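Here's the structure we're looking at; comments come further down.
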Amino acid sequence: MSSKKRLDRAYKNAHHIAFDNTSKFILFSDCHRGDNSFADDFANNRNIYFHALKHYYLEGFSYCELGDGDELWENLSFESILNAHKNVYLLMKQFHEENRLHMIWGNHDMVYRDPKYVEKTLSTYFDPKVGEDVELFCDIKYHEGIVLKHTETGQELFLCHGHQADWWNYLFWRWSRFMVRILWKPLNVMGIADPTSPAKNYKELIKVERRTKKWITENNNLITVTGHTHRPRFPEPGDIAFFNDGSCVHPRSITGLEIENGKISLIKWQIVTTEDGTLKIDRFLLEGPTPLMDYKTE
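Position one of the sequence shown corresponds to residue 1 (our numbering), numbered consecutively onward.
This is the structure in structure tokens:
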């Protein structure tokens with residue numbers, strides 16, 4: 001199956017969410033939440049991520065996670081990840097309970113495409129405080145793609161992880177997972193990058209982006225938002241409408257895309273130093289806000 005057919009299928013079978021200019025969404029991807037070991041790339045930014053996500057929860061945003069939220073290549077079980085970052089999952093649970101959590105699976109958490117696995121793994125967790133299983137993400141659904149459709153204009157935004165344009169990490173993800181667990185996780189601790197990852201291999205990144213942009217142009221410049229490559233992208237109106245929210249494992253920062261008031265923005269959260277030497281987490285606007293209608297084609 002070609003990247004075109006994989007993207008076609010993800011779009012055709014996407015979960016649809018209606019929105020309007022009063023809707024607010026924050027899009028993050030590639031958190032790679034791990035077990036807090038030396039190989040856990042998320043651990044360095046977990047305080048930034050938690051602070052940002054808490055902000056969006058209090059401001060009434062819905063959270064769309066565009067794949068690779070959990071690092072299930074390096075880690076055998078979700079339980080170890082949950083125990084390492086329980087505060088994050090309990091906050092995500094609050095989003096879920098208010099129907100404000102929308103999840104997409106990527107190549108590193110591709111096991112979540114199986115609804116039975118999701119139900120068995122994510123519905124409950126053991127709480128040692130009460131000595132029994134308690135609810136976590138009951139009835140949560142993972143999707144390969146999500147389409148946000150504006151109720152008034154009919155404009156669509158297609159969200160997916162983006163590995164559909166990466167044949168190796170889509171078709172041979174089990175082999176990649178095996179290699180990461182056996183070989184690359186120990187080497188990662190020593191600072192050696194996995195060459196199969198487009199986020200760490202520039203030539204692969206360019207190929208993935210080229211295939212994605214080709215698909216967008218063949219689909220009437222449909223606004224398409226992905227993750228996977230970890231490289232933020234924010235096109236100008238009139239260009240190919242290919243967005244990328246970046247990742248949550250940048251050095252000392254996370255990036256994402258906000259949708260608010262019918263506009264889209266690329267943002268970054270990072271730790272900064274104030275004049276008196278205090279460290280604080282702050283939000284920075286990198287691109288936008290740009291009206292979504294500026295990308296609409298007739």
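Beta carbons are placed, not taken as given, at the ideal position from N, Cα and C, and that holds for glycine. All values derive from a computational prediction rather than experimental measurement.
CB-CB length for residue i against residue j, believed under 8 Å
i	j	result
Thr290	Leu66	At roughly 19 Å, the Cβ-Cβ gap does not stay under 8 Å, so Thr290 and Leu66 are not in contact.
His228	Asp166	7 Å
Tyr142	Arg100	No, Tyr142 and Arg100 are not in contact; Cβ-Cβ is about 16 Å, not under 8 Å.
Leu27	Gly256	6 Å
Met39	Glu74	Strictly speaking, residue 39 in this sequence is Ala, with Met absent from that position. Going by Cβ atoms, the distance from Ala39 to Glu74 rounds to 6 Å, so yes, they are a contact pair.
Phe158	Ile206	Going by Cβ atoms, the distance from Phe158 to Ile206 rounds to 21 Å, so no, they are not a contact pair.
Ser29	Asp239	Not a contact, Cβ separation roughly 21 Å.
Leu82	Tyr125	6 Å
Ile48	Ile281	5 Å
His230	Ser247	4 Å
Glu260	Lys12	Going by Cβ atoms, the distance from Glu260 to Lys12 rounds to 28 Å, so no, they are not a contact pair.
Cβ-based neighbour list, residue i, same chain, cut-off 6 Å, excluding 5 preceding and 5 following
i	result
Phe5	It should be pointed out that residue 5 corresponds to Lys in this sequence rather than to Phe. Hits under 6 Å: none found.
Asn363	Because the chain in this structure spans residues 1 to 298, residue 363 falls outside the shown range and cannot be described.
Ala10	Glu144, Gly145, Cys160, Gln164
Thr278	none
Ala14	Gly145, Ile146, Val147
Cys31	Phe42, Gly69, Cys248
Gly162	Thr226, Gly227, His228
Asp127	Val134
Counted within 10 angstroms of its Cβ, other Cβ atoms place residue i as buried (16 or more) or exposed
i	result
Val249	buried
Ala18	exposed
Asn87	exposed
Lys213	buried
Thr297	exposed
Thr153	exposed
Glu59	exposed
Leu7	buried
Gly106	buried
Gly131	exposed
Phe242	buried
Arg283	exposed
Ser3	buried
Arg211	buried
Asp133	exposed
Pro251	exposed
Leu53	buried
Pro232	buried
Glu258	buried
Glu135	exposed
Glu209	buried
Asp68	buried
Leu72	buried
Tyr63	buried
Pro195	Low local confidence applies: a pLDDT of 48 at Pro195 is under 50, so the model's placement there is unreliable, and no value is given.
Neighbourhood of residue i by C-beta, 8 Å cutoff - its chain only, sequence neighbours within 5 removed
i	result
Glu98	none
Phe50	Asn87, Val88, Leu91
Pro237	Thr290, Asp294, Tyr295
His55	Arg283
His102	His15, Ile17, Ser62, Tyr63, Cys64, Glu65, His143, Ile146
Asn45	Cys248, Val249, His250, Arg252, Ser253, Ile254
Glu156	Val147, Leu148, Lys149, His150, Leu222, Ile223
Gln270	Ile48, Arg252, Ser253, Ile254, Ile281, Asp282, Phe284
Neighbourhood of residue i by C-beta distance below 7 Å, restricted to the same chain and skipping five residues each side
i	result
His16	Val147, Lys149
Glu287	Phe234, Ser265, Leu266
Asn219	none
Lys263	Gly288, Pro289, Thr290, Pro291, Leu292
Thr121	Phe78
Phe137	Lys93, His96, Leu122, Ser123
Asp20	His150, Thr151, Glu152
Asp70	Arg33, Phe78, Ile81, Asp109
Tyr57	Leu91, Gln94, Phe95
Trp111	A quick correction: the sequence has Val, not Trp, at residue 111. Answer for Val111: Leu72, Tyr117, listed in chain order.
Thr273	Leu279
Closer than 8 Å to chain C by CB, residue i
i	result
Leu122	Annotation note: the requested chain C is absent from the structure, which comprises a single protein chain.
### Task
Within the segment 51–129, note down every full beta strand (DSSP E) run reaching 3 residues or more, in order along the chain.
You should have 62–66, 101–104, 124–127.
### Continuous beta strand (DSSP E) assignments of at least 3 residues falling wholly in the segment 193–255
If we require 3 residues or more, the beta strand (DSSP E) runs fully inside the segment 193–255 come out as 223–226, 242–244.
#### Entry: Every unbroken beta strand (DSSP E) inside the segment 18–53 [3 residues or more]
Along the segment 18–53, the beta strand (DSSP E) occurs as fully enclosed runs of 3 or more residues at 24–28, listed in sequence order.
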